[in-house]
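Numbering (this note's numbering), first residue to last: 58 to 220. Here is the structure we will look at, set down as structure tokens.
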Amino acid sequence: MKQTMEAWLKYPSSTIVVDFECMVGPGFPLLLIQVAIANAHGDWVVPTTPINHRISKREPLERGNKLGPLQRTMWERMVMKFNGADNRDETTEGLTWKEIASIIDDYIQMNGELKTFVAWSALPTDYNCLRNSLSTSSQMRLLTRAGSHYSLFDFPHRRQGAP
């Protein structure tokens with residue numbers, strides 16, 4: 058906790074917070090739908106953007122076909138919330154991982170290397186999503202610069218049940 062706050066206050070440009078919109082859980086195929094990355098100043102590193110997987114909008118829906126009825130309904134609602142229900146033959150919109158990595162790299166060039174990664178979720182889901190996604194675009198070097206990884210839920214007021 059102390060290290061997180063020190064990094065937040067001393068190195069706000071090199072402390073990033075990442076949040077993904079995705080479906081994760083037992084039985085769900087992993088699908089990252091949207092990402093947002095900000096620094097500790099609250100400035101965008103990567104503004105909220107859908108992730109372009111270069112697949113049709115129909116394909117993510119079909120990935121849910123093997124799920125049970127309740128899970129499939131949850132899956133379909135999440136996919137349609139971000140991809141829309143129309144024109145399912147169009148490709149997913151937004152930035153590709155290569156483009157997202159380029160934005161992160163530009164940010165690092167202007168602000169220095171990343172020192173601390175703060176995840177929005179209690180589990181390392183956001184960190185793992187970013188790590189795996191950057192590895193698919195051969196840009197792991199961007200993330201390995203961030204030496205420390207913390208969850209916002211590590212803060213004491215979160216453990217006490219505050220919003």
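C-beta atoms are modelled at their ideal positions from N, C-alpha and C, and glycine is treated no differently. Since the structure is predicted, the reported quantities are computational estimates derived from the model, not experimental observations.
request  = Put residue 153 into one of helix, strand or coil per three-state DSSP.
outcome  = By 1-based counting over the sequence shown, the position of residue 153 is 96. Residue state, collapsed to three classes: coil.
message = Going by beta-carbon coordinates alone, are residue 152 and residue 136 separated by less than 8 angstroms?
response = Within the sequence shown, the letter at position 95 stands for residue 152. Within the sequence shown, the letter at position 79 stands for residue 136. Contact flag unset, no.
request  = Grab me the residues of residue 95's own chain with a C-beta within less than 8 angstroms of its C-beta, minus the 5 sequence neighbours each way, in chain order.
outcome  = Start at 1 with the first residue of the sequence shown, and residue 95 comes out as number 38. Hits under 8 angstroms: 73, 74, 101 and 102.
message = Tell me the rounded alpha-carbon separation between residue 114 and residue 155.
response = Indexing the sequence shown from 1 puts residue 114 at position 57. Indexing the sequence shown from 1 puts residue 155 at position 98. The straight-line gap from Cα to Cα measures roughly 20 angstroms.
Test item: CB-CB of residue 71 and residue 169 under 8 angstroms = Counting from 1 along the sequence shown, the entry for residue 71 is found at position 14. Counting from 1 along the sequence shown, the entry for residue 169 is found at position 112. One thing to note: residue 71 has its Cβ within 8 angstroms of the Cβ of residue 169.
task = Alpha carbon to alpha carbon, how far is residue 175 from residue 129? Give it in angstroms, no decimals.
result = Numbered from 1 along the sequence shown, position 72 holds the residue referred to as residue 129. Numbered from 1 along the sequence shown, position 118 holds the residue referred to as residue 175. Taking the straight line joining both Cα atoms gives about 31 angstroms.
ask   = Residues in its own chain within less than 6 angstroms of residue 98 by CB, not counting five upstream and five downstream?
value = In the sequence shown, counting from the first residue as 1, residue 98 sits at position 41. Leaving aside the five residues that flank residue 98 on each side, the residues in its chain whose CB is nearer than 6 angstroms to its CB run, in chain order, 69.
key: When 190, 161, 163 and 146 are compared against residue 112, the one with the closest alpha-carbon   = Residue 112 sits at position 55 when you count from the first residue of the sequence shown. Across the set 190, 161, 163 and 146, the C-alpha of 146 shows the shortest separation from the C-alpha of residue 112.
task = With DSSP as the reference, label residue 142 as helix, strand or coil.
result = Working through the sequence shown from its first residue, we reach residue 142 at position 85. Residue 142: coil per DSSP, three-state reduction.
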